[in-house]
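Asker:
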Amino acid sequence: FVVGVQIILGGLVASHYAALVCTDFPLCQGQFIPTFSGIIGLQVIHRLGAYVTVLMILFFIFKARQIIKSQFITYIVLFIFLQFGLGVANVLLYTPPLLAVLHLTFGVSLFLLIFRFSFELNSFNKN
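With my numbering as the guide, the letters of the sequence shown map in order to residues 2 to 128.
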């Protein structure tokens, strides 16, 4: 669910060209938490959402590892860091189209990996 919301926020950031209003990282316009209004706010919410998403997924994975060993766990962790790196690269490099597409692709792929893993975890719990 959290990844899906983050993808929607990313779509809003892209469609409003909000990535171009905060071109530094981890700051945005020289501040850790700038205004939450307008397209700057949209970009800031997407960034803060990314931190929350990463922490929630890592917590979920940590708990799941205690229950089940799965190849999906490795892929999910790898995709989290790739996705985060692509997001930062998009900011620092002024959103080149290839990186923007890769960022979206890895975001959707991460969503699908987590979705698939949740089915594996659910079927394991039933046994």
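Note that the Cβ used here is the ideal one computed from N, Cα and C, for glycine as well.
What number of angstroms, rounded off, separates the C-alpha of I40 from the C-alpha of G86?
Answerer: One-based indexing of the sequence shown puts residue 40 at position 39. One-based indexing of the sequence shown puts residue 86 at position 85. So the two alpha carbons sit approximately 22 Å from each other.
Asker: How big is the Cα-Cα spacing for R66 and V109?
Answerer: Within the sequence shown, numbered from 1, the residue matching residue 66 stands at position 65. Within the sequence shown, numbered from 1, the residue matching residue 109 stands at position 108. Going by the C-alpha atoms only, they are around 23 Å apart.
Asker: Kindly indicate which residue of L83, A90, F125 has the alpha-carbon position closest to the one of F107.
Answerer: Mapped onto the sequence shown, residue 107 falls at position 106. The option with the nearest alpha carbon to F107 is L83.
Asker: What's the gap between the Cα of F2 and the Cα of R117?
Answerer: For the purposes of this step, residue 2 is identified with residue 1 of the sequence shown, where counting begins at 1. For the purposes of this step, residue 117 is identified with residue 116 of the sequence shown, where counting begins at 1. Whole-angstrom Cα-Cα distance: 13 Å.
Asker: Looking at C-alpha atoms only, which residue of F125, V92, S119 is the closest neighbour of T24?
Answerer: For the purposes of this step, residue 24 is taken as residue 23 along the sequence shown, with counting starting at 1. Among F125, V92, S119, the Cα nearest to that of T24 is on V92.
Asker: For Q30 and S124, what's the separation of their Cα atoms in angstroms?
Answerer: Reading the sequence shown from its first residue, position 29 is the one you call residue 30. Reading the sequence shown from its first residue, position 123 is the one you call residue 124. One C-alpha to the other measures close to 47 Å.
Asker: Taking the alpha-carbon positions, what's the L10 to F37 distance?
Answerer: Numbered from its first residue, the sequence shown carries residue 10 at position 9. Numbered from its first residue, the sequence shown carries residue 37 at position 36. If you take the alpha carbons of L10 and F37, they lie about 14 Å apart.
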